[in-house]
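With the working numbering as the guide, the letters of the sequence shown map in order to residues 12 to 142.
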Amino acid sequence: MRGDLTPKEAKMIGWRIDDLAGLAVTIGYIISKKGQAMRKDVEDLLGEKLPGWKVGLNIDRYIRYGYLTQDDNAQLYLDWRTRAEVDQKALIDMLLNAEKQATLPMESSEEEDEFDDSQKEPTSEKKGNNL
């Protein structure tokens, strides 16, 4: 959204965080498909992360609230509210950054290994037997 939306503000407008995430993914997907996408493709995409019963309801809600529009061929397009309220460039940048962070390989450093070793209990050999 243009500007910041605090969790309290999001709650007050009646949207759950997963509904907002679904809207962000849907808008990002439609943008990536040059401004139009088949409803079935969007449903499949959202179905990977949301319960199946909720996918259709959310898309209908996005249409009803003016974020998306659908033609007779079940093609989805961005509607007036998306253009007015969503900073599309910032959304795409955030989605790309999230994807980049998710695909970075885990780096194992010597510092992590040293930290792990320092957390272990010393053995009797290391302690020395002072009997």
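Using N, Cα and C, we set each Cβ at its ideal position, and we do this for glycine too.
For residue i: DSSP bridge partner residues
i, result
"Thr80", "Tyr88"
"Ala48", "Leu87"
8 Å CB neighbourhood of residue i in its chain, flanking five on each side removed
i, result
"Glu121", "Summary for Glu121: the model assigns pLDDT 49, below 50, so the residue's position carries little reliability, and this model does not support an answer."
"Gly25", "none"
"Arg72", "Asp30"
Within 7 Å, strictly: CB atoms of residue i and residue j
i, j, result
"Tyr40", "Leu61", "no"
"Arg92", "Tyr78", "yes"
"Tyr76", "Gln47", "no"
Nearest-angstrom Cβ-Cβ length linking residue i and residue j, presumed shorter than 8 Å
i, j, result
"Asn70", "Val53", "It is Ile, not Asn, that sits at residue 70 in the sequence shown. Contact flag correct, Cβ pair sits at about 6 Å."
6 Å Cβ shell around residue i - same chain, five flanking residues per side excluded
i, result
"Leu142", "For Leu142, the predicted model reports a pLDDT of 48, less than 50, meaning its position is unreliable; a value from the coordinates is still stated below. For Leu142, where only same-chain residues beyond five positions count, there are no Cβ hits under 6 Å."
"Ile28", "none"
Coarse secondary structure for residue i, derived from DSSP in three states
i, result
"Glu121", "Caution is warranted here: a pLDDT of 49 is assigned to Glu121, below 50, making its placement in the model unreliable, and the coordinate value is therefore given only provisionally. Correct three-state label for Glu121: helix."
"Thr17", "coil"
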